[in-house]
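Colleague: Numbering (the UniProt record's numbering), first residue to last: 1 to 514.
Backbone N, C-alpha and C define an ideal beta-carbon position, used for all residues, glycine too.
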């Protein structure tokens, strides 16, 4: 959230171990730029019968008069999930260091038809033209996931709307739902959560527990009927309706009043072992915050790292007009390849020459894992080898490959972790997806943010996002290399490549912490 010139980040945290545990608190950090952070004391800790087994996820809503209020899920003394409120002790403190739990907690108990341990993660609330507040809470009953809709006049007494905002079968819990408007004009500006008029569409996002992926869909919200009508079915085969095809989950968004933008953050969990987590002393990362908006077609969300991350850029190198013939690699040297920001624009050969792909028989994730980047196509694979050892024994390949189908041209984007590390006992899953391209398209772009064990990649200016967690044993510290490559039979040209070494972000402890 943004409050009095300060960005606040609240997060699920176990202070005693790098694993999920019984004593989950709300960690709290603040920042002036979303990049450099100051750690504060915990905002919420288990202390009452309604949250004694953990303070789970939730959201913050800013009430009229610039008054923030937390709604969070508590695991009570029976390990039932209930909803609670907390408010700042001192509104004049821009860091909001201390919070008080509401005397009427718990304000919501699991309703009938919902499992007692499957009722959590309230969204930021929005206010209708009738003055009533609405909030969505994730729920489940067996394998059915639900987005339950509640409404209230005072934010304390809530009533369940009879029909869920959305329900889905075989998905498990509807975790970390999010619901927000986006402008349909194609502008990158964001919009406050309570805005509801003809200039916006709405986004309903969910983290499907069974799939461990972030699905979203676009549609129209009819406030008078408390009804959301999706443009396309959330559970359908449309892989474009996934926020990030990699290791990215439990995202939340907020409206940044300072810069009129919507910012989305996701969590990236570890892909090594629990023992590794104990040895590191930590587990789990937040992605770089992303600005999110509706693309001009109105069919998908676009995501792009916030502009503030560019403050970490240091030494820059550029490559222009470099041809990559089939089977070639080009080292991008002169930067710190273990912490880098890389933007590259590839010129494509004539896409009419692309090989044929029968989409009905292909799962992109399987295609990615079977692809083996070394296997030559006609146009591609081409892209980047990130976190690579000098001889490329270890590398993570982020690449494109162009195909034609029976009625259009498509691009396959993949992050292949199969050769990311010589270490065993790692999840080296590969992630991929297919998206349409214009037959007249001349270029395709890729941006990758590389930081030791995480690579966040953005294809086509943020149309496709893939986050990877990798744990090299050779490609570490000064032994990390970065390469551009082309394993297709047709040449591609690096129209322009810019890469930067990235500084460390700063993390400080609040001086008031004893």
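Taking the straight line between their C-alpha atoms, what separation do you get for residue 236 and residue 95?
Modeller: Residue placement at residue 236 is poorly supported in this model, since its pLDDT is 44, which falls under 50; the coordinates still yield a value, given next. For residue 236 and residue 95, the distance between alpha carbons rounds to 43 angstroms.
Colleague: Do the region 297–314 and the region 37–53 make contact, defined as three or more Cβ pairs closer than 8 angstroms?
Modeller: no
Colleague: Roughly how far, in whole angstroms, is the beta-carbon of residue 49 from the beta-carbon of residue 93, given that I think they are within contact range, below 8 angstroms?
Modeller: Not confirmed; about 28 angstroms, so no contact.
Colleague: Quick one: using the 10 Å Cβ neighbour count with 16 as the cut-off for buried, is residue 198 buried or exposed?
Modeller: Residue 198 is exposed by the Cβ-count criterion.
Colleague: Name the residue from 261, 411 and 202 whose alpha carbon lies nearest to the alpha carbon of residue 184.
Modeller: Considering only alpha carbons, the answer is 202.
Colleague: Which of the three DSSP states is assigned to residue 323 in this structure?
Modeller: strand
Colleague: If I measure Cβ to Cβ from residue 141 and keep anything under 8 angstroms in the same chain, skipping five residues before and after, which residues do I get?
Modeller: The answer, listed in chain order, is 113, 114, 115 and 118.
Colleague: Taking the C-alpha atoms as reference points, what is the distance between residue 61 and residue 241?
Modeller: 26 angstroms
Colleague: Suppose the cutoff is 7 angstroms on Cβ atoms and the five residues either side in sequence are ignored; what does the same chain contact list for residue 282 look like?
Modeller: 18
Colleague: Using the three-state DSSP reduction, which class does residue 270 fall into: helix, strand or coil?
Modeller: coil
Colleague: Please tell me whether residue 398 and residue 416 are closer than 9 angstroms, where the distance is taken between their beta carbons.
Modeller: yes
Colleague: In whole angstroms, give me the CA-to-CA distance for residue 238 and residue 231.
Modeller: Low per-residue confidence applies at residue 238: pLDDT is 49, beneath 50, and the placement is therefore not dependable, though the value from the model is reported in the following sentence. Taking the straight line joining both Cα atoms gives about 12 angstroms.
Colleague: Buried or exposed: where does residue 290 fall if 16 or more other Cβ atoms within 10 Å of its Cβ makes it buried?
Modeller: buried
Colleague: Would you call residue 346 buried or exposed, if buried means 16 or more other Cβ atoms sit within 10 Å of its Cβ?
Modeller: buried
Colleague: Please classify residue 325: is it buried, with 16 or more other beta-carbons within 10 angstroms of its beta-carbon, or exposed?
Modeller: exposed
Colleague: Can you tell me whether residue 311 is helix, strand or coil according to DSSP?
Modeller: helix
Colleague: Could you give the first and the last residue of the continuous beta strand (DSSP E) run that contains residue 400?
Modeller: Unbroken beta strand (DSSP E) run through residue 400: 396–404.
Colleague: Three-state secondary structure (DSSP) at residue 219?
Modeller: strand
Colleague: How is the beta strand (DSSP E) around residue 345 delimited, first residue to last?
Modeller: 339–347
Colleague: Looking at residue 28: is its Cβ nearer than 9 angstroms to the Cβ of residue 97?
Modeller: yes
Colleague: Just the Cα atoms here: how many angstroms apart are residue 9 and residue 356?
Modeller: 47 angstroms
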